[in-house]
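If you read the sequence shown in this note's numbering, its first letter stands for residue -18, the second for the next number, and so on.
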Amino acid sequence: MPERDADGNYPAVPYARSLLAQKLIRERVAAGLTQRELAQRAGIRFETLCRLEAGRHTPSIPTIEKLGRAMRGAVPADDARDAEDTNKRGSARRPIRRGNRKVKVTR
């Protein structure tokens, strides 16, 4: 086992926290959500989300799952408009995307 640092963390913990923080911010902004909106949708405290995005907190698995469910429910405004256009015209100007994934549009 590697030695723990002064805070009691293994060396990979701060790095993993910063990667999670960057991804969380990127996904939240892409979904068009504020920190308060995401925290409310996920059912977590606003302060907890702030600490996660600052890389100062390691989330539990249930917290990660809550955030994932809350993010999947959020569609950026531009993508939502494109989905509405698809239903009206029958074809989209561009594929609907959530992050790097294409979202299937159904009628």
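A virtual CB, placed ideally from N, CA and C, is assigned to each residue, including glycine.
Exercise for review: Report, in whole angstroms, the separation of the C-beta atoms of A23 and A51, which I expect to be a contact under 8 Å.
Suggested key: Taking the sequence shown and counting its residues from 1, one reaches residue 23 at position 42. Taking the sequence shown and counting its residues from 1, one reaches residue 51 at position 70. Between A51 and A23 the Cβ distance is about 4 Å, and since that is below 8 Å, they are a contact.
Point to revise | R(-2) burial status per 10 Å Cβ neighbour count (16 or more: buried) | key: By one-based count along the sequence shown, residue -2 stands at place 17. By the neighbour-count rule (16 or more Cβ atoms within 10 Å), R(-2) is buried.
Check your understanding: Given V(-6), which residues of its chain have a CB within under 7 Å of its CB, disregarding the five upstream and five downstream residues?
Key -> On the sequence shown, position 13 is the one that residue -6 refers to. Around V(-6): T39.
Check your understanding: Would you say F27 and A35 are within 8 Å of each other, going by their C-beta atoms?
Key -> The residue given as residue 27 occupies position 46 in the sequence shown. The residue given as residue 35 occupies position 54 in the sequence shown. Against a cut-off of 8 Å, the Cβ pair of A35 and F27 comes out as no contact.
Review point. Among the residues of its own chain, which have a CB less than 6 Å from the CB of R9, if the five just before and after it don't count?
Key: Residue mapping note: residue 9 aligns to position 28 of the sequence shown, counting from 1. Here the set comprises L19.
Check your understanding: If we ignore side chains and look at the alpha-carbon of each, how far apart do I42 and G49 end up?
Key -> Walking along the sequence shown from the start, residue 42 turns up at place 61. Walking along the sequence shown from the start, residue 49 turns up at place 68. Cα to Cα, the separation comes out at about 11 Å.
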